[in-house]
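From first to last, the protein sequence lines stand for chains A, B, C and D. To convert, note that position 261 of the first sequence is 260 in numbering that gives the first Met the number 0; the numbers rise steadily by one, no gaps. To convert, note that position 36 of the second sequence is 35 in numbering that gives the first Met the number 0; the numbers rise steadily by one, no gaps. To convert, note that position 275 of the third sequence is 274 in numbering that gives the first Met the number 0; the numbers rise steadily by one, no gaps. To convert, note that position 99 of the fourth sequence is 98 in numbering that gives the first Met the number 0; the numbers rise steadily by one, no gaps. Structure, as structure tokens:
Protein chains: 4
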Amino acid sequence: MKPKVGFMGLGIMGSAMAANILKAGYPLTVYNRTAGKAEPLAQLGAQVAASPKSLAAAAEVIITMVTGPEALYELLWGPEGAAEAFGPDQVFINMSSVSPSFTLELGKQLAPTAIRFIDAPVSGTRKPAAEGTLVILAGGRRAKITDLEPLFLSMGKKVIYCGRLGQGSMMKMFINLLLGVMMAGFAEALNFGRQGGLDFEAMLDTVLSGAMNCPMFQVKAQLLKEKNYPPAFPLKHLAKDAKFVLDTAYETGAPVPLGQMLLHLYRLGVGQGWGDEDIAAVARVMEHLSGK
Amino acid sequence: MKPKVGFMGLGIMGSAMAANILKAGYPLTVYNRTAGKAEPLAQLGAQVAASPKSLAAAAEVIITMVTGPEALYELLWGPEGAAEAFGPDQVFINMSSVSPSFTLELGKQLAPTAIRFIDAPVSGTRKPAAEGTLVILAGGRRAKITDLEPLFLSMGKKVIYCGRLGQGSMMKMFINLLLGVMMAGFAEALNFGRQGGLDFEAMLDTVLSGAMNCPMFQVKAQLLKEKNYPPAFPLKHLAKDAKFVLDTAYETGAPVPLGQMLLHLYRLGVGQGWGDEDIAAVARVMEHLSGK
Amino acid sequence: MKPKVGFMGLGIMGSAMAANILKAGYPLTVYNRTAGKAEPLAQLGAQVAASPKSLAAAAEVIITMVTGPEALYELLWGPEGAAEAFGPDQVFINMSSVSPSFTLELGKQLAPTAIRFIDAPVSGTRKPAAEGTLVILAGGRRAKITDLEPLFLSMGKKVIYCGRLGQGSMMKMFINLLLGVMMAGFAEALNFGRQGGLDFEAMLDTVLSGAMNCPMFQVKAQLLKEKNYPPAFPLKHLAKDAKFVLDTAYETGAPVPLGQMLLHLYRLGVGQGWGDEDIAAVARVMEHLSGK
Amino acid sequence: MKPKVGFMGLGIMGSAMAANILKAGYPLTVYNRTAGKAEPLAQLGAQVAASPKSLAAAAEVIITMVTGPEALYELLWGPEGAAEAFGPDQVFINMSSVSPSFTLELGKQLAPTAIRFIDAPVSGTRKPAAEGTLVILAGGRRAKITDLEPLFLSMGKKVIYCGRLGQGSMMKMFINLLLGVMMAGFAEALNFGRQGGLDFEAMLDTVLSGAMNCPMFQVKAQLLKEKNYPPAFPLKHLAKDAKFVLDTAYETGAPVPLGQMLLHLYRLGVGQGWGDEDIAAVARVMEHLSGK
Chain A
0 MKPKVGFMGL GIMGSAMAAN ILKAGYPLTV YNRTAGKAEP LAQLGAQVAA
50 SPKSLAAAAE VIITMVTGPE ALYELLWGPE GAAEAFGPDQ VFINMSSVSP
100 SFTLELGKQL APTAIRFIDA PVSGTRKPAA EGTLVILAGG RRAKITDLEP
150 LFLSMGKKVI YCGRLGQGSM MKMFINLLLG VMMAGFAEAL NFGRQGGLDF
200 EAMLDTVLSG AMNCPMFQVK AQLLKEKNYP PAFPLKHLAK DAKFVLDTAY
250 ETGAPVPLGQ MLLHLYRLGV GQGWGDEDIA AVARVMEHLS GK
Chain B
0 MKPKVGFMGL GIMGSAMAAN ILKAGYPLTV YNRTAGKAEP LAQLGAQVAA
50 SPKSLAAAAE VIITMVTGPE ALYELLWGPE GAAEAFGPDQ VFINMSSVSP
100 SFTLELGKQL APTAIRFIDA PVSGTRKPAA EGTLVILAGG RRAKITDLEP
150 LFLSMGKKVI YCGRLGQGSM MKMFINLLLG VMMAGFAEAL NFGRQGGLDF
200 EAMLDTVLSG AMNCPMFQVK AQLLKEKNYP PAFPLKHLAK DAKFVLDTAY
250 ETGAPVPLGQ MLLHLYRLGV GQGWGDEDIA AVARVMEHLS GK
Chain C
0 MKPKVGFMGL GIMGSAMAAN ILKAGYPLTV YNRTAGKAEP LAQLGAQVAA
50 SPKSLAAAAE VIITMVTGPE ALYELLWGPE GAAEAFGPDQ VFINMSSVSP
100 SFTLELGKQL APTAIRFIDA PVSGTRKPAA EGTLVILAGG RRAKITDLEP
150 LFLSMGKKVI YCGRLGQGSM MKMFINLLLG VMMAGFAEAL NFGRQGGLDF
200 EAMLDTVLSG AMNCPMFQVK AQLLKEKNYP PAFPLKHLAK DAKFVLDTAY
250 ETGAPVPLGQ MLLHLYRLGV GQGWGDEDIA AVARVMEHLS GK
Chain D
0 MKPKVGFMGL GIMGSAMAAN ILKAGYPLTV YNRTAGKAEP LAQLGAQVAA
50 SPKSLAAAAE VIITMVTGPE ALYELLWGPE GAAEAFGPDQ VFINMSSVSP
100 SFTLELGKQL APTAIRFIDA PVSGTRKPAA EGTLVILAGG RRAKITDLEP
150 LFLSMGKKVI YCGRLGQGSM MKMFINLLLG VMMAGFAEAL NFGRQGGLDF
200 EAMLDTVLSG AMNCPMFQVK AQLLKEKNYP PAFPLKHLAK DAKFVLDTAY
250 ETGAPVPLGQ MLLHLYRLGV GQGWGDEDIA AVARVMEHLS GK
């Protein structure tokens, strides 16, 4: 028997993930602060809840996919908040990107409701979300994560078990640190080459013919070439993640010299008003830092 | 008719490249400062020259693959230097990694000999060199590079035309900047994750399941896992390239914030005595920078 | 009439400041978690309170000078906490270094007690504390700060009004950012010169003969020369402040490229076990980063 | 008997230094590429040479104070170059800022002339140059430097013996590394404070009341306050020095994390077109990096 699912947070990522849950045959209720965003899902057969609380009351598994702590708190403990309806027979899965320490904090705050809590952020952006090929980074009770694997696989191609609660968020920080470094490095190197007189296509050919060829560079090259950055992964979100990485590194003692530089670069992009563009707009930061 | 080739510099890369030239049926003469290194090639049928000058006298195309400017000067203008025998009917191809400005300088110094000069560093390390799947980054007269394509393709899978003389070196700086950033970022992220309690295999699985999956990470992961760094690309060479990148960026005005951090990190590795290990030993630098 | 003062936190700084309050003729009660530290002050005539609460009950002005938020919370809301005895006729002055956002948070938490709250961290370390020549960086209601000026001047030579509550902490972040940059820059430059063959005394002479001559370099030079770092300002405290600076900069959007490097360097010092040495031990970090 | 002095390079610094030599009673011949700049000195009694060579022929001590290697080469080995008239009974003092390795290179190139060569850059900018209170950083044969002390003291208040030839330049790199860090740190901290709501005067008061009070901050504060940067020390020259520092550090293995950041920041300033403003214009760089 497929459990009844409640899904809150219908942005770019959430809408696509919810649609895939629905397609896989799960009974689905959705909620979004801006109600209009629920429309397309309603047409596909989803119930639309009037409040987070009524969504939670109607679901066995409650999923959130929002931009950060503030939005989460609003859904959980705001007016008609979901947490009011949480109980021991339900599972709460936060798939939003947050810091490991925030996840642990949230765990403590949810403890009185006795709900089971799993943190399961994802690796992948708009396209894998639409195609159901995300990688799910799950932390929490292992048996429960195994139980939920079919649900996760409606949204993604793979579930990676990351450890106890909070380690899903930790894995997300890990992968976004690498992502941020690669994106900034790609932009920096291409700008360096361009200012040195190299042809864009020849540089791209060199990268894609060698050991550094990866799907990300293939996709982002197009944006960099056209200097147009429609957001698959908004730059401001990566700036936020870079801050989480630094905060986490401060606690664990890990050195993050490149991570620090990322914070500097992506924050600069946000400051210049490019936060809603794709992370590839870090190329604009490189131009801003250049004399040309 | 295949031209007679002279090849100087029989290190890890050069030996493999020379062997592939031989296998492709080119008449080959080799020279190496340490004569013993020519032995295996002699057994495969190469002539061994007694000096750079006699090699140059016997060849139509002279190739060098050495560690940098000093070694090049020694071969060209040292005792019995090759340049003494250079003339207008020959081609000189420097495949060593050097800076664009050094290549231009070298071009001026070679001008009196009237030899045609092409700079053609390669993308790829030990394994692609052995398998003949390097990517050749060629700068200089286009027609001449086209003429030599069969020779280049004996060593590599592809020739990328980069522009006028010096732009091959520029492309090499470009690709090694990206390489250095990715290697350091991979090491930093893995160390960050490890200090945050993540399992190495789970991190690797996450990277290789997503948009950042690339041959380089697949190969280097093994070294990082075993904490053993036999050199495919010695760390000290990347430190040198990082310096070339900075020097070039200083001239062109390109910002290289991550490149600067690379110089700091790889130089630290050299300072700690890890210069002869693989670039993946930048992971040791991360541990050195950590409190653990 | 001099108000009755309660002083909690008798470390290096606090003990000296409390002694100066006493010398200026204020009735003083002190409290420290480790009771032994109150002894010397008792001998000078201070009352020793059995708990933070009884100290607060006995005082009109309550001052704290501790290492950070945790210690503050313990004193205010731990067992027999001071806040239980706070009321509208009293003033609470936190002179500890904390972030501006923490100060504002604390303000909210203290609001129910109706006590007047001033944040007044200090510029200056061990010696100015002993000599009563600290600079007091005060934020909060201006009239109240003016009223308390005689008390502040028992500890310091000057009170700088920084703005509303939290701006004292902001000024402290500002000055410690500059302090951290200067200390690290001094250590980096001296190490750079030393590795370039310069004589320590000649370098020092050059600095102290020019426009960068300042009391701090005069004092710290001695430690750097002897490579011995008894703490006037422990390195771990500056590492903490560097993190506060970054957190604050993240909120305000201010770029702090050098501040980020500070966090990296001082954290590295803490990781190496040098956190309890003076900030001048950042010179050890420079050696650690060097190949020599 | 005062030796006959020849002085080449009559920019901001050179003109002031030459005037002080003249005031001290030395027979002086001057030369400048742009002849008009020699006028004021001619009116004070200096001879004006028609070429570097004729200046060298007329002097026992030849001094150069120019912007860098190119200008030096022009004076020494350009048309009617000074080196043609150099001989063993003369002394050549280069007071321009150049790298230690360039100084050694120059030493080799001058060796055939048998002239004695001293490198003696200065600490101090426009005002100390005018007032004759520079600090002279001299490298070379000690006895010769002692002999010349009266001449040096006509331009400065102190001569610091730095070691063998090249060590004067090394000391200059050392002091300018510290200078660059302090200037950038001052600008960064003031911008950080401003974006955090602090008053400029209060911040300045805090700095000047504490252990970091130094003449440099007193002078530069005025420029930062008025956001107007007439050049006492042009920003582009410090950018150049930062590159020399990095090149030198690369050779000696010294870590220069803050120095690298300087290169990034000051180069950015040059790229934005602020190279001819004072180094205090690094404050503009901070604003450029900020979101505000």
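Beta carbons are placed, not taken as given, at the ideal position from N, Cα and C, and that holds for glycine.
Query raised in the report: Any C-beta of chain A sitting closer than 9 angstroms to the C-beta of GLN259 of chain C?
Result: Numbered from its first residue, the third sequence carries residue 259 of chain C at position 260. Yes - at least one Cβ of chain A is within 9 angstroms of the one on GLN259 of chain C.
Query raised in the report: Taking the Cβ atom as the reference point for each residue, do LEU262 of chain C and ALA238 of chain C lie within a distance shorter than 9 angstroms?
Result: Against the third sequence, residue 262 of chain C aligns to sequence position 263. Against the third sequence, residue 238 of chain C aligns to sequence position 239. Yes.
Query raised in the report: What does MET181 of chain D touch in chain C if you count any residue whose Cβ is under 7 angstroms from its own?
Result: On the fourth sequence, residue 181 of chain D is found 182 positions in, with the first residue counted as 1. Within 7 angstroms Cβ-Cβ: MET181, GLY184 and MET211.
Query - Cutoff 9 angstroms: GLY270 of chain C Cβ touching any chain B Cβ - result: Looking up residue 270 of chain C in the third sequence gives position 271. Yes, its Cβ sits closer than 9 angstroms to a Cβ of chain B.
Query raised in the report: At which residues does the beta strand (DSSP E) containing LYS157 of chain B begin and terminate?
Result: Mapped onto the second sequence, residue 157 of chain B falls at position 158. It spans 155-162 - the beta strand (DSSP E) in which LYS157 of chain B sits, taken as one unbroken run.
Query - Presumed contact (8 angstroms Cβ cut-off) between LYS219 of chain A and MET260 of chain A, rounded CB distance - result: Taking the first residue of the first sequence as position 1, residue 219 of chain A is located at position 220. Taking the first residue of the first sequence as position 1, residue 260 of chain A is located at position 261. At roughly 19 angstroms, the Cβ-Cβ gap does not stay under 8 angstroms, so LYS219 of chain A and MET260 of chain A are not in contact.
Query - Short CB-CB distance (under 9 angstroms) between MET170 of chain A and chain B - result: Counted from its first residue, the first sequence places residue 170 of chain A at position 171. Yes, because at least one Cβ of chain B sits closer than 9 angstroms to the Cβ of MET170 of chain A.
Query raised in the report: Under a CB-based cut-off of 9 angstroms, is LEU223 of chain D close to chain A?
Result: Taking the first residue of the fourth sequence as 1, we reach residue 223 of chain D at position 224. No, LEU223 of chain D does not count as interfacial toward chain A.
Query raised in the report: Which of the residues in the segment 188-202 of chain B, read from start to end, lie with their CB under 9 angstroms from any CB of chain A?
Result: ALA188, LEU189, ASN190, PHE191, GLY192, ARG193, GLN194, GLY195, GLY196, LEU197, ASP198, ALA201 and MET202
Query raised in the report: Going by the CB atoms, is the gap between LEU197 of chain A and MET215 of chain B shorter than 9 angstroms?
Result: As a position in the second sequence, residue 215 of chain B is number 216, starting the count at 1. As a position in the first sequence, residue 197 of chain A is number 198, starting the count at 1. Cβ atoms of MET215 of chain B and LEU197 of chain A: not closer than 9 angstroms.
Query raised in the report: Taking the continuous alpha helix (DSSP H) assigned at PHE185 of chain A, which residues delimit it?
Result: Mapped onto the first sequence, residue 185 of chain A falls at position 186. First-last of the alpha helix (DSSP H) with PHE185 of chain A: 166-194.
Query raised in the report: Between the beta-carbon of THR299 of chain D and the beta-carbon of PHE232 of chain D, is there less than 9 angstroms?
Result: A question about residue 299 of chain D goes unanswered here, because the residues of chain D that appear run from 0 up to 291.
Report task. Assign GLU187 of chain D to buried or exposed, taking buried as 16 or more other Cβ atoms, counted over all protein chains shown, within 10 Å of its Cβ. Result -> As a first step, residue 187 of chain D is located in the fourth sequence; it is residue number 188 there, counting from the start. That one is buried.
Query raised in the report: Is there a Cβ from chain B that is less than 9 angstroms from the Cβ of PHE243 of chain A?
Result: Within the first sequence, numbered from 1, the residue matching residue 243 of chain A stands at position 244. No, because no Cβ of chain B sits closer than 9 angstroms to the Cβ of PHE243 of chain A.
Query raised in the report: For a contact meaning CB atoms closer than 9 angstroms, what does LEU267 of chain B contact in chain D?
Result: On the second sequence, residue 267 of chain B is found 268 positions in, with the first residue counted as 1. PRO254, listed in chain order.
Query raised in the report: Taking just the CA atoms, how far does ALA137 of chain C sit from LEU207 of chain D?
Result: In the fourth sequence, residue 207 of chain D corresponds to position 208, counting from 1. In the third sequence, residue 137 of chain C corresponds to position 138, counting from 1. If you take the alpha carbons of LEU207 of chain D and ALA137 of chain C, they lie about 17 angstroms apart.
Query raised in the report: Would you say PHE173 of chain D reaches chain C, if we count a Cβ-Cβ gap shorter than 9 angstroms as a contact?
Result: Taking the fourth sequence and counting its residues from 1, one reaches residue 173 of chain D at position 174. Interface residue, yes.
Report task. Classify PHE199 of chain C as buried or exposed, calling it buried when 16 or more other Cβ atoms lie within 10 Å of its own Cβ. Result -> Start at 1 with the first residue of the third sequence, and residue 199 of chain C comes out as number 200. Flag for PHE199 of chain C reads exposed.
Requested in this report: Go ahead and label ARG115 of chain C buried or exposed: buried means 16 or more other beta carbons lie within 10 angstroms of its beta carbon, across all protein chains shown.
Outcome: Numbered from its first residue, the third sequence carries residue 115 of chain C at position 116. Result: buried.
Query raised in the report: Under 9 angstroms between C-beta atoms, does LEU262 of chain C make it to chain A?
Result: Position 263 of the third sequence holds residue 262 of chain C. Yes, LEU262 of chain C counts as interfacial toward chain A.
Query - TYR249 of chain C at chain A interface by Cβ criterion, 9 angstroms - result: To locate residue 249 of chain C, count along the third sequence from 1; it is residue 250. Interface residue, yes.
Query - Contact list for the segment 75-101 of chain D against chain G, Cβ threshold 8 angstroms - result: Within the model displayed, chain G is absent; protein chains A, B, C and D are what it includes.
**Report entry** Distance, LEU103 of chain B Cα to ASP246 of chain B Cα
**Finding:** The sequence position of residue 246 of chain B within the second sequence is 247, counting from 1. The sequence position of residue 103 of chain B within the second sequence is 104, counting from 1. Cα-Cα distance, rounded: 14 angstroms.
Report task. Specify, as a first and last residue, the run of the beta strand (DSSP E) that GLY138 of chain B falls within. Result -> Counting from 1 along the second sequence, the entry for residue 138 of chain B is found at position 139. From DSSP, the beta strand (DSSP E) with GLY138 of chain B extends over 133-138.
Report task. Pull out every residue of the segment 106-138 of chain C whose Cβ sits closer than 9 angstroms to any Cβ of chain B, in chain order. Result -> Answer in chain order: no residues at all.
Query raised in the report: Rounded to a whole number of angstroms, what is the C-alpha to C-alpha distance between GLU73 of chain B and SER96 of chain B?
Result: By one-based count along the second sequence, residue 73 of chain B stands at place 74. By one-based count along the second sequence, residue 96 of chain B stands at place 97. Between GLU73 of chain B and SER96 of chain B, the C-alpha separation is close to 16 angstroms.
Query raised in the report: Are at least three pairs of beta-carbons, each pair with one atom in the segment 46-60 of chain D and one in the segment 75-86 of chain D, less than 8 angstroms apart?
Result: yes
Query raised in the report: Relative to the C-alpha of GLU59 of chain B, which residue among B:ILE20, B:PRO120 and B:LYS1 is closest?
Result: In the second sequence, the residue the question calls residue 59 of chain B occupies position 60. Answer by Cα proximity: B:LYS1.
**Report entry** Spatial distance of ILE61 of chain D from ILE159 of chain D (CA atoms)
**Finding:** Numbered from 1 along the fourth sequence, position 62 holds the residue referred to as residue 61 of chain D. Numbered from 1 along the fourth sequence, position 160 holds the residue referred to as residue 159 of chain D. Each residue's alpha carbon lies about 20 angstroms from the other.
Query raised in the report: Taking the alpha helix (DSSP H) that ASP88 of chain B falls in, what are its first and last residues?
Result: Locating residue 88 of chain B in the second sequence gives position 89, where the first residue counts as 1. Run containing ASP88 of chain B: none; DSSP gives neither H nor E here.
Requested in this report: Name the residue from D:PRO230, D:LYS36, D:GLY8 and D:ALA201 whose alpha carbon lies nearest to the alpha carbon of LYS126 of chain D.
Outcome: Translated into the one-based positions of the fourth sequence, residue 126 of chain D becomes position 127. For the residues D:PRO230, D:LYS36, D:GLY8 and D:ALA201, the minimum Cα distance to LYS126 of chain D belongs to D:PRO230.
Report task. For LEU288 of chain B, return the contacting residues in chain C, with the cut-off set at a CB-CB distance below 7 angstroms. Result -> To locate residue 288 of chain B, count along the second sequence from 1; it is residue 289. Going along chain C in sequence order, the residues near LEU288 of chain B (Cβ under 7 angstroms) are LEU267.
**Report entry** ARG141 of chain C (DSSP reduced to helix, strand or coil)
**Finding:** On the third sequence, position 142 is the one that residue 141 of chain C refers to. DSSP places ARG141 of chain C in helix when its eight states are reduced to three.
**Report entry** Counterpart residues of PHE6 of chain B in DSSP-defined beta bridges
**Finding:** Start at 1 with the first residue of the second sequence, and residue 6 of chain B comes out as number 7. Per DSSP, B:VAL29 and B:ILE62.
Report task. Taking ILE159 of chain D as the query, report the chain C residues whose CB atoms sit under 8 angstroms from its CB, ordered along the chain. Result -> Counting from 1 along the fourth sequence, the entry for residue 159 of chain D is found at position 160. The contacting residues are ALA201, ASP204, THR205 and SER208.
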